[in-house]
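Asks:
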Amino acid sequence: MGKHIYQGRYTTANDEDIVVFLIGMRINHRLAVHKWLPVFMAMPGMIKELYTEKEQLGFLSTEMYFGLRTTVIIQYWRSKDDLLAYAKGAKHLTAWKNFNQKVGSSKAVGIYHETYLLEQGNYESVYGNMPLYGLAKAKGHIPITKEIMTAKKRLKA
Numbered sequence: 390m391g392k393h394i395y396q397g398r399y400t401t402a403n404d405e406d407i408v409v410f411l412i413g414m415r416i417n418h419r420l421a422v423h424k425w426l427p428v429f430m431a432m433p434g435m436i437k438e439l440y441t442e443k444e445q446l447g448f449l450s451t452e453m454y455f456g457l458r459t460t461v462i463i464q465y466w467r468s469k470d471d472l473l474a475y476a477k478g479a480k481h482l483t484a485w486k487n488f489n490q491k492v493g494s495s496k497a498v499g500i501y502h503e504t505y506l507l508e509q510g511n512y513e514s515v516y517g518n519m520p521l522y523g524l525a526k527a528k529g530h531i532p533i534t535k536e537i538m539t540a541k542k543r544l545k546a
């Protein structure tokens with residue numbers, strides 16, 4: 390059975406600072422499986438760790454997308470300090486070390502990340518007839534009322 394669909398329009402409270410972290414990889418040479426597959430396979434263990442130790446790590450939630458060449462994982466974090474601490478943790482450092490040893494400056498696979506620090510009151514969202522998704526999955530959602538009907542009003546709330 391699929392995820393529960395919340396009928397109607399919802400938003401998230403924007404009363405806390407949050408961090409949005411995008412991380413992914415691009416397969417530049419498809420036949421170089423021995424280069425890109427280990428990079429790809431390093432992520433499931435880290436995602437499992439994030440969900441297992443959510444509260445201690447300050448991790449909130451993630452969404453994943455897989456294309457023909459490029460993957461992206463959108464992560465939501467409680468704070469930049471939590472994200473930076475995770476980057477220094479054993480599982481991530483091991484994956485980073487393995488990447489540098491196996492891939493280094495090879496053009497076979499690329500990696501990237503982007504970090505966005507969102508201050509309270511400076512982000513908004515809307516979800517219509519959706520399961521918990523994205524920021525709503527990370528923080529929970531609230532029904533949209535007359536007082537927060539538009540993006541402009543939600544940004545002021």
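The sequence shown maps to residues 390 to 546 in my numbering. Just so it is clear, CB atoms sit at the ideal spot from N, CA and C, and this is done for glycine as well.
Given a threshold of 16 other Cβ atoms within 10 Å of its Cβ, counted over all protein chains shown, does Phe455 qualify as buried or as exposed?
Replies: Under this definition Phe455 is an exposed residue.
Asks: How is Asn518 classed by DSSP in three states: helix, strand or coil?
Replies: Three-state result, Asn518: strand.
Asks: In whole angstroms, what separates the C-alpha of Lys535 from that of Arg398?
Replies: So the alpha carbons of these two residues sit roughly 11 Å apart.
Asks: If the criterion is Cβ atoms closer than 7 Å, does the pair Tyr501 and Gly434 meet it?
Replies: Contact flag unset, no.
Asks: Could you spell out where the alpha helix (DSSP H) holding Val422 opens and where it closes?
Replies: Its alpha helix (DSSP H) spans residues Val422 to Thr441.
Asks: When DSSP labels each residue in this structure, what does Leu449 get in the three-state scheme?
Replies: Strand at Leu449.
Asks: In the structure shown, what three-state DSSP assignment does Ile537 receive?
Replies: Here Ile537 sits in helix by DSSP.
Asks: Go ahead and pull the three-state DSSP assignment for Met390.
Replies: Annotation note: pLDDT 44 at Met390 (below 50); position unreliable, coordinate value reported separately. Reduced to three states, the DSSP call for Met390 is coil.
Asks: As a quick exercise: from Ala479, Asp404, Ile394 and His393, pick the residue whose alpha carbon is nearest that of Gln509.
Replies: Considering only alpha carbons, the answer is Asp404.
Asks: Sort Ile394, Thr401 and Lys392 by Cα distance to Thr539 and report the nearest one.
Replies: Among Ile394, Thr401 and Lys392, the Cα nearest to that of Thr539 belongs to Thr401.
Asks: Decide if Tyr465 is buried, meaning its Cβ has at least 16 other Cβ atoms within 10 Å, or exposed.
Replies: Its Cβ being crowded by 16 or more others within 10 Å, Tyr465 is buried.
Asks: So, helix, strand or coil for Leu457, using DSSP?
Replies: Three-state result, Leu457: coil.
Asks: Report buried or exposed for Lys528, applying the criterion of at least 16 other Cβ atoms within 10 angstroms of its Cβ.
Replies: With 16 or more Cβ atoms within 10 Å of its Cβ, Lys528 is classed as buried.
Asks: Can you tell me whether Lys526 is buried or exposed? The criterion is at least 16 other CB atoms within 10 Å of its CB, across all chains shown.
Replies: Flag for Lys526 reads buried.
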